[in-house]
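A short worksheet on the structure shown next.
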Amino acid sequence: MRLTVLGKSPSWQDAGGACSGYLLEEDGTAILLDCGNGVFGKLRQRIDYVDVDAVVISHLHADHFLDLVPYSYALTYAPRQQPVPVDRWPGTDNPARPELHGPPGARETFRKVVGCWGNNDLIENAFDLTEYDESSELSIGPVRVTFQEVPHYTETFAMRVSSQNGSGEIVYGADSRPTEALTRFATGADLILVSYDPDQYYPVMHALLKADAAGRLRQDVLGDSNRRLSSALAARPDGTAATSPKR
Ligand SMILES: [Zn+2]
């Protein structure tokens, strides 16, 4: 399973950066976890947007879903998505329509956002939209996604993404505050991504480390230690963190 950090900024994206967005690729399947502002452009640098199988949104804060708007415009109006020939594109009867999984209330929230300019059904028409809950279990190609509600300012779900091919398990904590629920949910995962604040979140890192006796937490996947990874913390086995401050 390959993880690419497309965006990791706080609610205001870094210069040239993007808010939360994590691309998971496994055996030909591509899944985007969150789609905050700036993520769509970063996604296009990495893969073709029509090749994304599913987008899963952790919660309904702008920095986790706002780029569903340009993504929806692309799926709706791009020449290659049209039923008739346009420019060099031959026309298609099967335009890309990725799955979109959002938390309870996602449809209504998306309608409000794009409804501001009278385009209420833009997102739900562009994507195959469903709402999940904590008991849901998604199967997307060889990948299984389960959920755990975690404390944040709005209803928010951590996700556990497991490869059915045995190539790893990743837990994405979204913007969770420190909580035993996330600690339990993340135990045994190969990689855990959690929102990081030096004061607020350090305790949960230790809790996670303590919970995982196998010491399988790793920082290698996240690479560049100069990135804050606003929604991602790379924890070393000794409990130190590789991050940079908000800017
Ligand atoms: Zn949030």
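This note's numbering numbers the first residue of the sequence shown as 1032 and each following residue consecutively. Built from N, CA and C at the ideal position, the CB exists for glycine as well. Keep in mind that this is a model prediction, so the values were computed, not measured.
Pick helix, strand or coil for residue i, following the three-state DSSP scheme.
i     : result
A1189 : strand
H1019 : The structure shown does not extend to residue 1019, since the chain is modelled only from 1032 to 1278, so the question has no answer here.
S1166 : coil
Y1184 : coil
S1103 : helix
R1119 : coil
A1049 : coil
T1214 : helix
A1137 : helix
Q1113 : coil
I1078 : coil
R1142 : helix
K1073 : helix
S1040 : coil
R1208 : coil
Do residue i and residue j have their C-beta atoms within less than 8 Å of each other?
i     : j     : result
I1062 : S1103 : no
L1091 : T1177 : no
P1129 : A1085 : yes
E1200 : V1192 : yes
N1068 : A1049 : yes
Y1080 : L1224 : no
L1055 : V1202 : no
G1133 : I1088 : yes
G1059 : G1197 : no
G1038 : V1083 : no
T1123 : P1114 : yes
S1207 : H1183 : yes
N1151 : R1142 : yes
For the candidate residues the options, whose alpha-carbon lies nearest to that of residue i?
i     : options                       : result
S1051 : H1183, P1041 and G1059        : P1041
N1015 : R1111, E1168 and G1069        : Nothing about residue 1015 can be reported from this structure: the residues present for the chain run from 1032 to 1278 only.
A1333 : F1188, L1160 and D1221        : Residue 1333 is absent from the structure shown; the chain starts at 1032 and stops at 1278.
A1157 : G1047, H1183, V1145 and A1220 : V1145
S1226 : H1095, R1075, F1141 and I1078 : H1095
L1300 : W1043, L1064 and G1204        : Because the chain in this structure spans residues 1032 to 1278, residue 1300 falls outside the shown range and cannot be described.
Q1195 : T1210, S1207 and S1170        : S1170
W1148 : A1127, T1210, V1100 and C1066 : V1100
Q1076 : D1118, V1036 and L1222        : V1036
L1131 : A1205, A1109, W1120 and L1160 : L1160
T1140 : D1164, L1097 and P1116        : L1097
Any idea which residues DSSP pairs residue i with across the strands?
i     : result
Y1203 : M1190 and L1224
I1171 : V1174
E1130 : A1085 and D1159
L1034 : L1055
I1062 : L1055 and A1085
Q1179 : A1189
Please check if any C-beta of chain B sits within less than 8 Å of the C-beta of residue i.
i     : result
L1222 : Absent here is chain B; the protein component of the structure consists of one chain.
Task: Any heavy atom of ligand 1 within less than 5 Å of residue CB: hits in chain order - done: H1092 and D1206
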